[in-house]
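Worksheet: the structure to be examined is printed underneath.
2 protein chains.
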Amino acid sequence: MIATFAVRRRKLFPADENLPMKILYQPRTPDILLSNVFGALSDPTRLHIVRLLLRTTEITCGDFEIAGAKSTLSHHFKTLREAGVTSTRVEGVQHFVSLRRDDLDARFPGLIATLTCAEEPF
Amino acid sequence: MIATFAVRRRKLFPADENLPMKILYQPRTPDILLSNVFGALSDPTRLHIVRLLLRTTEITCGDFEIAGAKSTLSHHFKTLREAGVTSTRVEGVQHFVSLRRDDLDARFPGLIATLTCAEEPF
DNA sequence: TCGATGGTTCGGGTACAATCGAACTAGTCT
DNA sequence: AGACTAGTTCGATTGTACCCGAACCATCGA
Chain E
6 MIATFAVRRR KLFPADENLP MKILYQPRTP DILLSNVFGA LSDPTRLHIV RLLLRTTEIT
66 CGDFEIAGAK STLSHHFKTL REAGVTSTRV EGVQHFVSLR RDDLDARFPG LIATLTCAEE
126 PF
Chain W
6 MIATFAVRRR KLFPADENLP MKILYQPRTP DILLSNVFGA LSDPTRLHIV RLLLRTTEIT
66 CGDFEIAGAK STLSHHFKTL REAGVTSTRV EGVQHFVSLR RDDLDARFPG LIATLTCAEE
126 PF
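In the order they appear, the protein sequences are chains E and W.
For the first sequence, our numbering assigns the number 6 to the initial residue and increments by one for each residue that follows.
For the second sequence, our numbering assigns the number 6 to the initial residue and increments by one for each residue that follows.
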């Protein structure tokens, strides 16, 4: 059985729906779920991104040579943001991503420490 | 294309291979990888198991009413053990599962604290 | 207004994970 | 030996995640 319900929205005609591309959802602090955070951090690429953010405060998608396709990287950043791990500040064309360090520390004390330790081969 | 290589081992003839069922692999402490630990903890059922283990020191698979099938539960315990989160002690027929608290604390300080906090709806 | 830049979204392929029932195994008890 | 218990393993199905290229969009500079 093939799902057919996802075809609804075709984007080729710009004005017929006004759901903007720039929503950038992120959960409120009390809504951050530990299992989601762990899920976001269970991917080696994303864990690497977060470890970078522990040292750099802010990065953009373009600051990466690591990953392959742009869309893949965008997907990882979205996953981190929607899990509540990062937040994104839009400035002109660039998206600056930072760790929600205080929020995470308030909600899950010890997590930041866990991430900081042990440099490992992922 | 359908994979055909997995058909090799049929178990209906007991003595033709002696790979025992009782291996119960778990990684040595320095081999525990953070991304694997996070992966194991990203499932709500397994996170719940681990939270239980923070209070109970040891449990058996039978101590659960939560999950559905026995095989599913067994799978979750295997995942936790192979990620390095738990260890299993066999005593007669029962398997006693416990948190590798010291190992985790040594390798990833703060992780246990993270798990201890915040009772949440998973 | 046109093109470049820095991303997001879509659609699809492929790989992995969760779940289950059925079959099996290994100990224990009678 | 036979039945019971506690769990593992197998095989299949279903669902989800990762990854990519193509299309799209919004902003900026010329």
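The beta carbon of each residue, even a glycine, is placed where N, CA and C say it ideally should be.
In angstroms, rounded to a whole number, what distance separates the CA positions of residue i and residue j?
| i | j | result |
| --- | --- | --- |
| D108/W | P114/W | 10 Å |
| L52/E | D36/E | 21 Å |
| I54/W | T121/W | 12 Å |
| T119/E | T65/W | 28 Å |
| R33/E | V98/W | 47 Å |
| T84/E | R106/W | 29 Å |
| D110/W | L116/W | 7 Å |
| R112/W | L38/W | 9 Å |
| L29/W | S76/W | 16 Å |
| T62/E | F69/W | 43 Å |
Would you mind reading off the limits of the beta strand (DSSP E) that contains residue i?
| i | result |
| --- | --- |
| V102/E | 99-104 |
| R33/E | No beta strand (DSSP E) contains R33/E, which DSSP labels as neither H nor E. |
Which residues mark the beginning and the end of the alpha helix (DSSP H) in which residue i is found?
| i | result |
| --- | --- |
| S92/W | Looking at the DSSP string, S92/W is not in any alpha helix (DSSP H); the run it does join, the beta strand (DSSP E), is 91-96. |
| I37/W | Per DSSP, I37/W belongs to no alpha helix (DSSP H) and is neither H nor E. |
| A74/E | Here A74/E belongs to no alpha helix (DSSP H), and DSSP marks it neither H nor E. |
Taking DSSP's pairing of strands, which residues face residue i in a bridge?
| i | result |
| --- | --- |
| I64/W | V102/W |
Quick test of your reading: residue i and residue j, contact by CB under 8 Å. State the CB separation rounded to the nearest angstrom.
| i | j | result |
| --- | --- | --- |
| L58/E | S103/E | 6 Å |
| T50/E | H100/E | Actually they are not in contact, since the Cβ atoms of T50/E and H100/E sit about 17 Å apart, beyond 8 Å. |
| S47/E | S79/W | Contact doesn't hold; Cβ gap of about 21 Å is too wide. |
| V95/W | A45/W | Between A45/W and V95/W the Cβ distance is about 21 Å, and since that is not below 8 Å, they are no contact. |
| V42/W | A88/W | 5 Å |
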